[in-house]
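Comments concern the structure below.
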Amino acid sequence: MAIAIDFGTSNTVIARWNPVTQQPETLNIPSLSIQQNLNPPLIPSLLYVEDAAKEQVIVGQQVRDRGLDLKNDPRFFRSFKRGIGTPIQGFLPELDEQTVTFEQVGQWFLTKVIQQLTSSQGDLESLVLTVPVDSFEAYRHWLGKVCQALPIEQVRMLDEPTAAALGYGMVEQEVLLVIDFGGGTLDLSLVQLDKSTQGAQKPLGFLLKWGDKSLTDSKQKVKTARVLAKVGQNLGGTDIDNWVVDHFTKTQGLVASPLTIRLAERLKIQLSTQTQASEVYFNDETFESYELEINRDTLETILQEHSFFELLDESMTSLLQQARRQGIETSDINAVLLVGGTVQLPAVQKWVQQYFDQAKIRCERPFEAIAQGALQLAQGVELKDFLYHSYGIRYWDRRRNQHNWHPIIRAGQPYPMTQSIELLLGASVESQPSIELIMGELGADTGSTEVYFDGDRLITRRLDDGTTSVKPLNDKDGARNIAQLTPPGYPGSDRIKIFFRVDEQRFLRITVEDLLTNETLLENQLVAQLS
1 MAIAIDFGTS
11 NTVIARWNPV
21 TQQPETLNIP
31 SLSIQQNLNP
41 PLIPSLLYVE
51 DAAKEQVIVG
61 QQVRDRGLDL
71 KNDPRFFRSF
81 KRGIGTPIQG
91 FLPELDEQTV
101 TFEQVGQWFL
111 TKVIQQLTSS
121 QGDLESLVLT
131 VPVDSFEAYR
141 HWLGKVCQAL
151 PIEQVRMLDE
161 PTAAALGYGM
171 VEQEVLLVID
181 FGGGTLDLSL
191 VQLDKSTQGA
201 QKPLGFLLKW
211 GDKSLTDSKQ
221 KVKTARVLAK
231 VGQNLGGTDI
241 DNWVVDHFTK
251 TQGLVASPLT
261 IRLAERLKIQ
271 LSTQTQASEV
281 YFNDETFESY
291 ELEINRDTLE
301 TILQEHSFFE
311 LLDESMTSLL
321 QQARRQGIET
331 SDINAVLLVG
341 GTVQLPAVQK
351 WVQQYFDQAK
361 IRCERPFEAI
371 AQGALQLAQG
381 VELKDFLYHS
391 YGIRYWDRRR
401 NQHNWHPIIR
411 AGQPYPMTQS
421 IELLLGASVE
431 SQPSIELIMG
441 ELGADTGSTE
451 VYFDGDRLIT
461 RRLDDGTTSV
471 KPLNDKDGAR
481 NIAQLTPPGY
491 PGSDRIKIFF
501 RVDEQRFLRI
511 TVEDLLTNET
521 LLENQLVAQL
531 S
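UniProt numbering applies: residue 1 is where the sequence shown begins, and numbers increase by one.
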């Protein structure tokens with residue numbers, strides 16, 4: 001059975017391929033999904049730790065049914081996806097003498113969901129997991145480690161916006177803009193769907209785990225989803241919920257708590273379909289009760305106060321600039337697909353309409369498109385993608401008297417690479433016995449992202465300090481040394497030639513040749529998985 005999971009910050013959606021109808025369908029998992037006749041059924045991305053040492057946890061709707069999300073309990077976790085792979089500033093809880101990280105919470109959540117899924121649906125043969133487009137290497141590496149422990153033969157990974165484009169079933173040869181705005185991230189991706197003429201089919205998507213069996217017929221024609229441009233940032237519905245709570249804190253003295261955050265989320269959801277929203281609040285400690293009311297105009301004012309629309313404009317401008325560099329203008333975009341819960345807000349839809357005609361905008365499948373589109377990886381869809389980040393080598397900047405980074409592989413590089421990138425290096429000291437090289441994944445030059453705690457909230461903040469954020473790939477013992485020099489090297493001439501290439505699975509590989517001895521010191525050596 002083929003399954004796709006859209007693991008979201010606020011909600012998770014699971015879809016399976018129905019072999020009878022030959023159509024995707026969204027699953028309702030007993031005890032995990034919200035049982036309120038929602039269409040589609042959603043699984044709240046919530047987790048409660050009963051025993052950290054024994055890895056006993058409760059996930060999904062069960063957490064809400066037991067009221068475990070209504071108090072300031074360190075055993076309760078929400079929005080934990082935002083912290084995965086990101087340096088956390090602040091306190092991490094210690095439960096049952098175990099320090100609990102967000103990577104551990106995420107692993108517990110996915111493992112528990114898949115266990116429940118297996119018990120209700122049977123054994124899984126193929127799994128596709130979707131990931132945010134703005135994920136650093138650490139998130140992808142974490143997901144790969146989680147998958148290795150799963151009893152599933154084939155596991156693939158796909159960017160969420162690309163999956164959404166496939167999920168809307170758009171016709172080939174169209175240029176599509178996918179705006180994926182969920183609980184924790186905003187992702188914009190420009191995608192082109194066309195039909196490949198290749199006769200043989202390669203493994204599909206970005207493989208995290210691969211068994212002996214192939215699920216596809218090699219004689220099928222392969223559809224191709226080509227990513228033309230993409231932009232992402234940590235901004236989502238969770239931020240809006242916190243801003244709404246802050247509004248009531250200022251205007252009514254409401255105390256921020258998990259309960260009030262849940263009420264704020266309900267108010268926000270109501271405003272997606274009505275102009276006025278209200279919720280009754282009852283404090284069981286003081287026995288005070290009063291009604292929270294908010295309308296769309298007030299919500300829009302709150303959004304403006306937090307520079308919400310400026311942040312959206314920043315992402316859209318960056319994406320359209322990428323598109324123009326490839327000769328694609330705004331008028332060339334045939335359709336705009338809105339996915340994620342936050343796109344249901346009228347203020348967000350009105351913002352999109354400032355850039356595109358309303359006739360081009362589609363929003364009928366905000367929750368299902370990603371999971372159901374990801375299923376097409378198991379049904380004959382191949383991806384042609386490019387690297388989202390730049391990659392470079394560390395060097396000593398004599399002018400600044402500090403280490404700096406020199407880009408080798410630029411963002412936007414298509415993969416697999418048909419030609420290697422060459423680099424010549426020489427010795428820097430007399431009788432140098434070896435040469436070390438540290439590779440890193442380079443983030444945006446305009447700033448970095450900081451994740452920190454504000455009370456019980458997990459906050460993501462953009463740091464516009466003009467520095468380049470870097471994730472080293474091989475800065476550890478045994479990985480930095482790429483060339484043993486025999487005889488030793490001397491300054492003044494090039495000694496080794498390095499060939500860099502990225503294969504079809506986003507693996508960065510290097511080949512190293514000794515120019516003095518004409519020996520190959522490393523051949524097709526794996527460095528890291530790229531994003």
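Beta carbons: idealized from backbone N, C-alpha and C, even for Gly.
Note that the structure is predicted; figures quoted are calculated from it, not measured.
Where V512 and A371 are concerned, what is the direct C-alpha to C-alpha distance, given to the nearest angstrom?
-> 42 Å
S289 - DSSP class collapsed to helix/strand/coil | strand
Closest by CA to G392, which one among Q376, D51 and L423?
-> L423
What residue ranges within the stretch 305 to 359 form continuous beta strand (DSSP E) runs of no fewer than 3 residues, ordered along the chain?
-> As summarised for the stretch 305 to 359, the continuous beta strand (DSSP E) elements at least 3 residues long and confined to that stretch are 335 to 339, given in chain order.
Less than 8 Å separating the beta-carbons of G492 and V470?
-> no
Report the rounded CA-to-CA distance for L349 versus L110, giving the unit in angstroms.
-> Position check: residue 349 holds Gln in this sequence, whereas Leu was assumed. Cα to Cα, the separation comes out at about 31 Å.
Of the residues I438, F181 and L166, which one's Cα is nearest the Cα of N481?
-> I438
Whole angstroms is fine: what's the gap from Y290's alpha carbon to L259's?
-> 14 Å
Given a cut-off of 8 Å, decide if G236 and G167 are closer than it, judged by their beta-carbon atoms.
-> no
In terms of residue numbering, what span does the beta strand (DSSP E) encompassing N18 cover?
-> N11 to N18
Put E279 into one of helix, strand or coil per three-state DSSP.
-> Reduced to three states, the DSSP call for E279 is strand.
To which residues of the same chain is S278 closer than 7 Å at the C-beta, ignoring the five residues directly before and after it?
-> E291, L292 and E293
Report yes if the CB atom of L271 is closer than 8 Å to the CB atom of L345, and no otherwise.
-> It is a contact, given that the beta carbons lie within the stated cut-off.
Could you give the distance in angstroms between the alpha-carbon of T301 and the alpha-carbon of W243?
-> Near 11 Å, if we compare the C-alpha coordinates of W243 and T301.
Comparing alpha-carbon positions, which option in V105, T21 and P151 lies nearest A53?
-> Each of V105, T21 and P151 was checked against the Cα of A53, and the nearest Cα belongs to V105.
Which residue's Cα is closest to the Cα of R296: T273, F282, F308 and Y415?
-> T273
For T520, which option in L526, I496, L508 and F500 has the closest C-alpha, if you only look at C-alpha atoms?
-> I496
Would F367 be called buried (16 or more neighbouring beta carbons within 10 Å of its own) or exposed?
-> F367 should be labelled buried.
Should R362 and A323 be called a contact, given that it needs their Cβ atoms to be closer than 8 Å?
-> no
Evaluate N401 with the Cβ neighbour count: other Cβ atoms within 10 Å of its Cβ, from every protein chain shown; 16 or more gives buried, anything less gives exposed.
-> exposed
Do the stretch 408 to 428 and the stretch 483 to 491 meet, that is, are 3 or more Cβ pairs less than 8 Å apart?
-> yes
State the Cα-Cα distance for the pair L117 and P407, rounded to the nearest angstrom.
-> 43 Å
Whole-angstrom distance between E265 and T249, CA atom to CA atom | 15 Å
By DSSP, does K230 sit in helix, in strand, or in coil?
-> K230: strand per DSSP, three-state reduction.
Expected contact under 8 Å - CB spacing of L312 and W351 to nearest Å = That belief holds up - the Cβ atoms of L312 and W351 are roughly 6 Å apart, short of 8 Å.
Enumerate, from N- to C-terminal direction, the unbroken beta strand (DSSP E) stretches of 3 or more residues contained entirely within the stretch 20 to 100.
-> Those beta strand (DSSP E) runs which fall completely within the stretch 20 to 100 and span 3+ residues are 23 to 26, 46 to 51, 56 to 59 and 76 to 78.
Looking only at its own chain, which residues have a Cβ that is under 7 Å from the Cβ of F282, when we skip the five neighbours before and after it?
-> S289
Range of the contiguous beta strand (DSSP E) that encloses R509 = F507 to D514
Backbone CA spacing between V155 and G8 [nearest angstrom] | 18 Å
Leaving out five residues before and five after L375 in sequence, what residues of the same chain have Cβ atoms less than 7 Å from its Cβ?
-> A2, A4, A15, W17, P24 and V128
Taking the Cβ atom as the reference point for each residue, do Y139 and I58 lie within a distance shorter than 8 Å?
-> One thing to note: Y139 has its Cβ no nearer than 8 Å to the Cβ of I58.
If you follow the alpha helix (DSSP H) that S119 is part of, which residue opens it and which one closes it?
-> F102 to Q121
DSSP state of S218 mapped onto helix, strand, coil | Unreliable positioning characterises S218 in this predicted model, as indicated by a pLDDT of 33, which lies under 50. The coordinate reading is nonetheless provided below. Coil at S218, not helix or strand.
Neighbourhood of Q56 by C-beta, 6 Å cutoff - its chain only, sequence neighbours within 5 removed = E50
Where does G144 fall in DSSP's three states?
-> helix
CA-CA distance, E364 and T238?
-> 22 Å
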